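Reading through the structure tokens given below for one structure.
In structure tokens:
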């Protein structure tokens, strides 16, 4: 199960969309984006989820290479598993600081913390008889923290990270994982989307991916106020409409 709040300046809201891509020489995938041709997150036909989080980069240290959103699209199109995506990512030139979360339907999940010069693989942690990995708008590994130019001015990144790591598995276990993930993203277990005092930052959409059956649940706006709607387009294309109606 994958969950994410996509937090952006409000002016990007009207241009945000969720699209189905079916390239001739690549995987079919659902891409959610604020810029159409690349994407912040997505799920492909093999049950591989890829997502990015932005980390502030000192302007003079940006290099030629893949930006975070093109990396998301590239991995969705070319990889079938976490291992394949990881191998591809480690070969890419990186333009600026960002995190890439990769997870597949087998349960293999990692975060790769990326700078123009260094990539650091952060493995999933064992938590309450399950495995969990989380990424926010900062670097978690001690090795890469010095490269984060935000210096803590990152919209409560570590608070959000702690809420996920402390609450996700223990609440999902023995409960409906979709419902409990919705509660987490709504901020019912701690700070996640409560940007009421931030006039230029808000949750533009909130997503949940069920990697095993290619079902997507999305709230188009602040999940405290907007309902999660089921998106079955990718499921129907790959597995068939009748299976979605069971």
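Residue numbers (this note's numbering): -13 to 232.
Beta carbons are placed, not taken as given, at the ideal position from N, Cα and C, and that holds for glycine.
From a predicted model like this one, the values you see are computed outputs, not experimental measurements.
Below 8 Å, too few C-beta pairs join the segment 71 to 78 and the segment 149 to 163 to call them touching: fewer than three. No Cβ-Cβ contact shorter than 8 Å links residue 58 with residue 33. Sequence-distant partners of residue 123 (beyond 5 residues in either direction) whose C-beta falls short of 7 Å from its own C-beta, in its chain, are 39, 40, 41, 140, 141, 143.
With fewer than three CB-CB distances shorter than 8 Å, the segment 7 to 26 does not count as touching the segment 207 to 214.
Rounded to the nearest whole angstrom, the C-alpha separation of residue 115 and residue 130 is 28 Å.
At the C-beta level, residue 62 and residue 30 come within 8 Å of one another. Counting only the Cα atoms, residue 120 lies some 7 Å from residue 147. Burial check for residue 184: the Cβ neighbour count within 10 Å stays below 16, so the residue is exposed. If only uninterrupted beta strand (DSSP E) runs of at least 3 residues are considered, those enclosed by the segment 102 to 158 are 105 to 109, 111 to 113, 116 to 118. Boundaries of the alpha helix (DSSP H) around residue 56: 54 to 64. Checking the DSSP bridge columns, you'll see residue 86 partnered with 38, 98.
With 16 or more other Cβ atoms from the protein chains shown falling within 10 Å of its own Cβ, residue 194 counts as buried. Per DSSP, residue 189 lies in no alpha helix (DSSP H); the unbroken beta strand (DSSP E) holding it starts and ends at 188 to 196. Here residue -4 is not near residue 182, since their CB atoms are 8 Å or more apart. A Cβ-Cβ separation of about 6 Å places residue 20 in contact with residue 1 under the 8 Å criterion.
Taken through DSSP and simplified to helix, strand or coil, residue 218 comes out as coil. For residue 170 and residue 35, the gap between their C-alpha atoms comes out near 19 Å. With respect to residue 224, residue 200 sits close: the two C-beta atoms are nearer than 8 Å. Take the alpha-carbon of residue 43 and the one of residue 56: they are about 17 Å apart. Collapsing the DSSP output to three states places residue 6 in a strand. At least 8 Å separates the beta-carbon of residue 127 from that of residue 102. Counting of Cβ neighbours within 10 angstroms places residue 10 among the exposed residues, the total staying below 16. Under the 10 Å beta carbon count, residue 177 is surrounded by fewer than 16 other beta carbons and is classified as exposed.
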